[in-house]
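Engineer: Protein chains in written order, with my numbering: chain D, 698 to 1001; chain X, 1080 to 1439.
Backbone N, C-alpha and C define an ideal beta-carbon position, used for all residues, glycine too.
The following block contains the structure, expressed as structure tokens.
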Amino acid sequence: MSEPTVAPIAAEPAGLAGPDELAAALEGTGYLPDEGLATAAYLALVMHRPLFLEGEAGVGKTALAHALAQVTGRPIYRLQCYEGLEASQALYDWDFGRQLLHLRAAEAAHATEDTEKLEASLYDRRFLLARPLLQALEDSPSVLLIDEVDRADDEFEAFLLEVLSDFTISIPELGTVRAQTPPLVVLTSNRTREVHDALKRRCLYHWLQHPEFDREVAILRRRLPQVTEQLAREVARATAKLRTLDLLKPPGIAESMDWATALHTLGARDLDPDLAARTLGAVLKYREDTERVRSLARGALFGG
Amino acid sequence: MLGFARTLRHAGVPASPDRVEAMLVALGSLDVLEPGAVYWAGRLTLCAGPDDLDRYDAAFAVYFSGERPRAPRTVGKPEVRLAASAPLEQGTGDGDDETDAPDLAVQASADEVLRHRDVAELTPAEREHLRRLFALLAPATPMRPARRRRPDTRGTIHPARTVRRALRSGGEVTRLMHHRRRTRPRRVVLLVDVSGSMAPYADALLRFAHAAVRARPSSTDVFTIGTRLTRVTREMRLRDPDRALAASGSAIPDWSGGTRLGEVLKAFLDRWGQRGTARGAVVVVCSDGWERGGADLLGEQMVRLRRLAHAVVWVNPHKGRSGYEPLTGGMQAALPSVDHFVSGHSMAAFEELTGVIQRA
């Protein structure tokens, strides 16, 4: 993504006077939040509470975490959740291969006389493979993005609860890692299943909606400066109309951006019905949806 | 603020004390004179899902416009009567005296007869007896291969464990360690029709659903369908079947109403199914297929459901009657997309259904 580079504002959230200032800073990165989202993000920063974001796919849940990392100048660590995700893939693992190599190297150098010391050296930090959760704590202050938490299992949620409540991880062989400043945690969910109340209770909850017309035009203009104002407005209007059609997958901002890019690439300066029909694949991802939209009067939907 | 929290709880938003505390902290971090501050501080901390948002907005409007909080909304609601809980209140004592007295053999044979009786034709006392049989029903869950592996004596080689073990013996690989794929319960989704035509069976079907949820709380989901879709999984998690049914009864707004199967199924697939609830699941539709709207939409949605689900089971209590033919428009439209078509009219049929679900 080619985002305009912005000078990070003070890493300390106290440097931000309120949601408005955070909104302005986010706008600098090309992410245009509404009042609710800006307030949510601000409170998450100030209250050190994880931010739980739900909403349709493609409304900018993940993008917010990246924008927040950019605004605060913090590094971002992303944990993509999936079914069967285990603690060793989220926290840390020992690099057994390298440990074995180390042992063999020591043996070859005939340095094996002090076995206790050798054994201790096997559990050195350099043999520890830090996974996103540990990385985020070690590198605090940071931004930790736990993406699509609804895809992980129940047990993993319980485990997350433990880490997110005190931001410490204890490694039996090494000791406890504690974050000096709790990372800014953003959890996203597409609501494929209900996430446990206990986890939600620890978080601020925000439901993201598709943006209003003006905001969507502004987002398109901001993220795709090459696209004409006219095209941006018409794409936003058509996308908004598509969202009212009760489709299997209503298009999100990501789709409207794809569509505008596709149209622009084909040389469109406004929403030409013919080009629009040819590029529908950028917005609609189901055959049924495409047929439905095609069968409706084209003129009514595009252009005009 | 506490008064507001109380109003919210009446409106059905779970504003627990720790959430209220979070709201106060949030208010402290915001400029309270800012117009949206109170609204957002409350919404971000007190709500837990999209369903809460409308209730929150309504309660917020009421409370901060100076209106008195209204009485809990349960007042005007029709009292839901569940077939099996009605006789329970009147004659528990009598029933106990009667059923405790006979010796085991008699009782066992009575159970056996009851197992095959149509639940719609039972007397209140027999229903009460059946209620106990439901408590013994333990539906087994279908399993699926999991991504995760588990140490095993056979299977593929587990490099990490092999090397870890080698470290103990000075770096010498003395034994190969293995692991194998685990199995995990497959998700089961029950869609129970609570419309008027299914009223004699809805109670038994919901009891069956309760038994299924109790067996695997984390991988079972229950929805009721009729004129609208209601998710009752949370209510079904209550341990006691009667309380669970009463709770879901008050959550179901369209009890004994009409049927709009096609539309409701579409709502299920749009809001839940496609996002993952039905994906790879065993979906059990419990309905007589009596469709008031056109059957085309139902047919379309069933095709869609079958593409998402691992298996589609249709339970129709009328199928148990002799001479039943699936002639209703809804049934005709749905059958091509159904993997297993079973009856659900008696205890024996429910036992058979558990087998079908497990093997699906």
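Does the separation of the CB atoms of X/A1330 and X/E1342 fall below 8 Å?
Structural biologist: Against the second sequence, residue 1330 of chain X aligns to sequence position 251. Against the second sequence, residue 1342 of chain X aligns to sequence position 263. Contact: no.
Engineer: Do you know how far the Cα of X/R1383 is from the Cα of X/A1294?
Structural biologist: The count along the second sequence starts at 1 and reaches residue 1294 of chain X at position 215. The count along the second sequence starts at 1 and reaches residue 1383 of chain X at position 304. If you take the alpha carbons of X/A1294 and X/R1383, they lie about 28 Å apart.
Engineer: How should X/A1180 be labelled, buried or exposed, when 16 other C-beta atoms within 10 angstroms of its C-beta is the threshold for buried?
Structural biologist: Along the second sequence, read from residue 1 onward, the residue named residue 1180 of chain X stands at position 101. Legend: pLDDT at X/A1180 = 43, less than 50; position of this residue unreliable, value from coordinates given subsequently. Exposed is the call here.
Engineer: Taking the Cβ atom as the reference point for each residue, do D/L831 and D/Y789 lie within a distance shorter than 8 Å?
Structural biologist: Along the first sequence, read from residue 1 onward, the residue named residue 831 of chain D stands at position 134. Along the first sequence, read from residue 1 onward, the residue named residue 789 of chain D stands at position 92. Yes, the pair counts as a contact, with Cβ atoms nearer than the cut-off.
Engineer: Suppose the cutoff is 7 Å on Cβ atoms and the five residues either side in sequence are ignored; what does the same chain contact list for X/P1296 look like?
Structural biologist: On the second sequence, residue 1296 of chain X is found 217 positions in, with the first residue counted as 1. Counting only Cβ-Cβ distances below 7 Å, and skipping sequence neighbours, we find R1316.
Engineer: Check the Cβ-Cβ distances between D/T987 and every residue of chain X, and say whether any is below 8 Å.
Structural biologist: For the purposes of this step, residue 987 of chain D is identified with residue 290 of the first sequence, where counting begins at 1. Output row for D/T987: interface = no.
Engineer: Less than 7 Å separating the Cβ of D/A929 from some heavy atom of the ligand GTP?
Structural biologist: This structure lacks the ligand GTP; in fact it carries no ligand of any kind.
Engineer: Counting only runs that start and end within the stretch 1371–1428 of chain X, where is the alpha helix (DSSP H) found for 4 or more residues in a row?
Structural biologist: 1374–1387, 1408–1413
Engineer: How close, in whole Å, do the beta carbons of X/A1346 and X/V1362 come, if the pair is a contact with beta carbons under 8 Å?
Structural biologist: Taking the second sequence and counting its residues from 1, the one referred to as residue 1346 of chain X is at position 267. Taking the second sequence and counting its residues from 1, the one referred to as residue 1362 of chain X is at position 283. That belief does not hold up - the Cβ atoms of X/A1346 and X/V1362 are roughly 14 Å apart, past 8 Å.
Engineer: State the Cα-Cα distance for the pair D/F793 and D/A784, rounded to the nearest angstrom.
Structural biologist: For this step, residue 793 of chain D is matched to residue 96 along the first sequence. For this step, residue 784 of chain D is matched to residue 87 along the first sequence. About 17 Å.
Engineer: Residues of chain X with CB under 7 Å from D/L740, in chain order?
Structural biologist: Translated into the one-based positions of the first sequence, residue 740 of chain D becomes position 43. Going along chain X in sequence order, the residues near D/L740 (Cβ under 7 Å) are A1105, S1108, L1123.
Engineer: List, in chain order, every chain X residue whose beta-carbon is nearer than 8 Å to that of D/R775.
Structural biologist: Within the first sequence, residue 775 of chain D is the residue found at index 78, counting from 1. Within 8 Å Cβ-Cβ: nothing; D/R775 doesn't reach chain X, min ~20 Å.
Engineer: Below 6 Å CB to CB, which residues in the same chain sit around X/Y1038 once its five sequence neighbours on both sides are set aside?
Structural biologist: This structure leaves residue 1038 of chain X out entirely; chain X is present only between 1080 and 1439.
Engineer: Tell me whether X/G1107 is buried or exposed, calling it buried when 16 or more other Cβ atoms sit within 10 Å of its Cβ.
Structural biologist: Residue 1107 of chain X sits at position 28 when you count from the first residue of the second sequence. It counts as exposed.
Engineer: Considering only residues of the stretch 805–854 of chain D, which uninterrupted alpha helix (DSSP H) runs meet the minimum length of 4 residues and lie entirely inside it, listed in chain order?
Structural biologist: 812–819, 829–835
Engineer: The beta strand (DSSP E) spanning D/Y902 covers which residue range?
Structural biologist: Your numbering for residue 902 of chain D matches position 205 in the first sequence. Start and end: 901–905.
Engineer: Measuring alpha carbon to alpha carbon, tell me which residue in X/S1401, X/P1396, X/T1124, X/L1344 is nearest X/G1378.
Structural biologist: For the purposes of this step, residue 1378 of chain X is identified with residue 299 of the second sequence, where counting begins at 1. Comparing Cα positions, the closest option is X/L1344.
Engineer: In whole angstroms, give me the CA-to-CA distance for X/L1112 and X/L1324.
Structural biologist: Taking the first residue of the second sequence as 1, we reach residue 1112 of chain X at position 33. Taking the first residue of the second sequence as 1, we reach residue 1324 of chain X at position 245. The alpha-carbon atoms of X/L1112 and X/L1324 are separated by roughly 46 Å.
Engineer: If I'm right that D/I866 touches D/V860 with Cβ under 8 Å, what's the distance once you round it to whole angstroms?
Structural biologist: Numbered from its first residue, the first sequence carries residue 866 of chain D at position 169. Numbered from its first residue, the first sequence carries residue 860 of chain D at position 163. So it is a contact: roughly 6 Å between Cβ atoms.
Engineer: Can you tell which of D/N887, D/T987, D/L972, D/A933 has its C-alpha closest to the C-alpha of D/Y779?
Structural biologist: Position 82 of the first sequence holds residue 779 of chain D. Comparing Cα-Cα distances from D/Y779 to each of D/N887, D/T987, D/L972, D/A933, the minimum goes to D/N887.
Engineer: Return yes when the Cβ of D/V990 is within less than 8 Å of the Cβ of D/W956, no when it is not.
Structural biologist: Numbered from its first residue, the first sequence carries residue 956 of chain D at position 259. Numbered from its first residue, the first sequence carries residue 990 of chain D at position 293. Not in contact: D/W956 and D/V990 (Cβ atoms no closer than 8 Å).
Engineer: Answer with buried or exposed for X/V1252, where buried requires no fewer than 16 other C-beta atoms within 10 angstroms of its C-beta.
Structural biologist: Translated into positions along the second sequence, residue 1252 of chain X becomes position 173. Exposed is the call here.
Engineer: Which ranges would you report for the alpha helix (DSSP H) in the stretch 906–959 of chain D if only whole runs of at least 4 residues count?
Structural biologist: The stretch 906–959 of chain D contains these whole alpha helix (DSSP H) runs: 910–920, 926–940.
Engineer: Return the chain-ordered list of same chain residues with a C-beta closer than 7 Å to the C-beta of X/T1241, the five sequence neighbours on each side being excluded.
Structural biologist: Within the second sequence, residue 1241 of chain X is the residue found at index 162, counting from 1. Only V1252, L1255, M1256 meet the Cβ criterion.
Engineer: Closer than 7 Å by beta-carbon distance: list the chain X residues that pair up with D/A737, in chain order.
Structural biologist: To locate residue 737 of chain D, count along the first sequence from 1; it is residue 40. Result: L1123.
Engineer: Would you tell me roughly how many angstroms separate the C-alpha atoms of X/F1420 and D/S953, rounded to the nearest one?
Structural biologist: For the purposes of this step, residue 1420 of chain X is taken as residue 341 along the second sequence, with counting starting at 1. For the purposes of this step, residue 953 of chain D is taken as residue 256 along the first sequence, with counting starting at 1. Take the alpha-carbon of X/F1420 and the one of D/S953: they are about 43 Å apart.
Engineer: Using the Cα positions of D/P948 and D/T736, report the straight-line distance between them to the nearest angstrom.
Structural biologist: Within the first sequence, residue 948 of chain D is the residue found at index 251, counting from 1. Within the first sequence, residue 736 of chain D is the residue found at index 39, counting from 1. Looking at the two C-alpha atoms, the distance is approximately 25 Å.
Engineer: Taking buried to mean at least 16 other C-beta atoms within 10 Å of its own C-beta, is D/R823 buried or exposed?
Structural biologist: To locate residue 823 of chain D, count along the first sequence from 1; it is residue 126. Exposed, since its Cβ has fewer than 16 Cβ neighbours within 10 Å.
Engineer: Helix, strand or coil: which one does DSSP assign to X/H1089?
Structural biologist: Your numbering for residue 1089 of chain X matches position 10 in the second sequence. Three-state DSSP puts X/H1089 in a helix.
Engineer: Can you say whether X/D1300 is buried or exposed, counting buried as having 16 or more other CB atoms within 10 angstroms of its CB?
Structural biologist: For the purposes of this step, residue 1300 of chain X is identified with residue 221 of the second sequence, where counting begins at 1. By the 10 Å Cβ count, X/D1300 comes out buried.
Engineer: Below 8 Å on the Cβ atoms is my contact criterion, and I expect X/G1250 with D/L797 to pass it. Report the Cβ-Cβ distance as a whole number of Å.
Structural biologist: Against the second sequence, residue 1250 of chain X aligns to sequence position 171. Against the first sequence, residue 797 of chain D aligns to sequence position 100. Indeed, because the Cβ distance is near 6 Å, the residues count as touching under 8 Å.
Engineer: When you compare the CB positions of D/T889 and D/D847, do they come within less than 8 Å of one another, or not?
Structural biologist: Here residue 889 of chain D is taken as the residue at index 192 of the first sequence, counted from 1. Here residue 847 of chain D is taken as the residue at index 150 of the first sequence, counted from 1. In this structure, D/T889 places its C-beta atom within 8 Å of the C-beta atom of D/D847.
Engineer: Would you please verify whether the beta carbon of X/A1225 is less than 8 Å from any beta carbon of chain D?
Structural biologist: Looking up residue 1225 of chain X in the second sequence gives position 146. Judged by the 8 Å Cβ criterion, X/A1225 is in contact with chain D.
Engineer: To which residues of the same chain is X/R1307 closer than 7 Å at the C-beta, ignoring the five residues directly before and after it?
Structural biologist: Locating residue 1307 of chain X in the second sequence gives position 228, where the first residue counts as 1. P1332, D1333, V1343.
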